[in-house]
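Worksheet: one structure, shown below.
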Amino acid sequence: MERIFTKIEEIALKIDNLIKTAEGGYSESSNSTGDTQLKLDIQSDEIIEKVLKELPEIKAIISEEKEDILELNSDAQYTVCYDPLDGSSIVDYNLSVGSIFGIYENGLDGASLKASVYIVYGPRVEMIKTVRGSKPKHYRLINNKFILQSEIILNSHGTLNAPGGTQKNWYPHHKELIDLFFKDGYRLRYSGGMVPDLHQVLLKGGGLFSYPGTTDKPKGKLRALFEVIPFALAFIEAGGEAIDNRGISLLEFKPSHPHDTTPCFFGSKDEIKRVKEAYSGKE
Ligand code: AFP
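Residue numbering for the sequence shown follows this note's numbering, starting at 2 and increasing by one per position.
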């Protein structure tokens, strides 16, 4: 897996440069979830495909920006699922965005995830690498090299609340839960980019990031294989939890389709306990 990590670092440098130099705006095409693709979405996806194709240990790659699985080496062991540029709709307003990678072995579900990597393209370029069974490792890009900063450990109780989704479409029990967190003094931290929003909760010691099922999107918006399950590994290995609306760990989630979405809650243990209580009997 080490060579995959090294290639992801190479990809991060290329996409960081692309973001800073390419023009913005929308392309003529849309992705499998019907989102109109930004030129940066397509260019980032092309960079990743070109680089990962070089690795014989990759069986297949699945991109959020493409409908189909790209088979590469039938006898290889890893399938890499990725969101090339998450938050691309906000990059034209100079907000932080990210790339997310899930490295799966012998299956495409939570239990098969062996490692995850995400990159945040912000005032600094940072990378969080999580191998199942180990604490997440936090790297910072300094002079074109990713330098290890720390291992990440979540507190059992946090201070941040990152509530996703259109509020008018929240179910009543979800609205009551979120309102109670604010009543208890949690601070609102939500940019509309899941990578920096989750990164902040993870690095600032904890709290809650939620993207629930809503009346307009009962299965939520965030994609299981490319976005949710990779972040679930980071939060769980940091000592937190990551669950769906049934209170089940997202590392047990089994998508029925590569582009499936799921309601998701990531956070410290105390906050997730409150989510489970609020959602009990509401699945
Ligand atoms: P884009 O990749 O289309 O910008 O969407 C970003 C995202 O999937 C995720 O990064 C955010 O957490 C989520 O959308 C924000 O969605 P809402 O605007 O509905 O809260």
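The C-beta atom is built at its ideal place from N, Cα and C for all residues, glycine as well. Owing to the predicted nature of the structure, the values given are computational and were not obtained by experimental measurement.
Cα-Cα separation between residue i and residue j, rounded to whole angstroms
i, j, result
"Ile-273", "Pro-173", "18 Å"
"Ala-279", "Lys-54", "45 Å"
"Ile-244", "Phe-266", "5 Å"
"Ala-112", "Ser-100", "22 Å"
"Phe-102", "Ala-235", "12 Å"
"Thr-167", "Leu-199", "18 Å"
"Ser-97", "Ala-163", "15 Å"
"Asn-170", "Tyr-212", "12 Å"
"Ser-30", "Ile-249", "36 Å"
"Ile-104", "Pro-85", "14 Å"
"Ser-90", "Lys-8", "26 Å"
"Leu-181", "Leu-203", "21 Å"
"Ser-28", "Gly-159", "40 Å"
"Lys-222", "Thr-262", "6 Å"
"Asp-17", "Ile-63", "21 Å"
"Val-52", "Lys-283", "44 Å"
"Leu-19", "Lys-130", "22 Å"
"Val-229", "Lys-146", "27 Å"
"Ile-179", "Pro-57", "46 Å"
"Glu-238", "Pro-137", "6 Å"
"Leu-149", "His-139", "6 Å"
Min CB distance residue i to chain D below 8 Å
i, result
"Leu-39", "No chain D appears in the structure shown, which is made up of a single protein chain."
Nearest candidate by alpha-carbon position, reference residue i, set the options
i, options, result
"Gly-240", "Ser-151, Glu-253, Ser-157", "Ser-157"
"Ser-135", "Tyr-122, Phe-147, Lys-146, Glu-152", "Glu-152"
"Leu-252", "Ser-31, Lys-115, Leu-142, Gln-201", "Lys-115"
"Asn-95", "Glu-242, Pro-256, Gly-194", "Gly-194"
"Gln-44", "Lys-60, Ala-61, Lys-67", "Lys-67"
"Glu-127", "Arg-141, His-258, Asp-217", "Arg-141"
"Ile-70", "Ser-33, Lys-40, Leu-86", "Ser-33"
"Val-81", "Phe-227, Asp-180, Thr-22", "Phe-227"
"Lys-176", "Thr-22, Val-276, Asp-271, Ile-49", "Val-276"
"Asp-76", "Val-52, Glu-65, Asn-107", "Asn-107"
"Gly-207", "Val-118, Arg-190, His-260", "Arg-190"
"Lys-218", "Asn-246, Phe-210, Val-196", "Asn-246"
"Tyr-119", "Pro-259, Phe-232, Lys-270", "Phe-232"
Collapsed DSSP secondary structure at residue i in the structure displayed
i, result
"Thr-263", "coil"
"Tyr-119", "strand"
"Pro-164", "strand"
"Leu-96", "coil"
"Leu-56", "coil"
"Arg-275", "helix"
"Gly-103", "strand"
"Met-195", "helix"
"Lys-130", "strand"
"Tyr-172", "coil"
"Phe-254", "coil"
"Gly-111", "helix"
"His-158", "coil"
heavy atom of the ligand AFP below 7 Å from residue i C-beta
i, result
"Ile-179", "no"
"Thr-216", "no"
"Ile-91", "yes"
"Gly-88", "yes"
"Leu-161", "no"
"Tyr-187", "no"
"Met-128", "no"
"Leu-73", "no"
"Leu-223", "yes"
"Tyr-119", "no"
"Gly-193", "yes"
"Gly-208", "no"
"Tyr-172", "no"
"Tyr-83", "no"
"Asp-261", "no"
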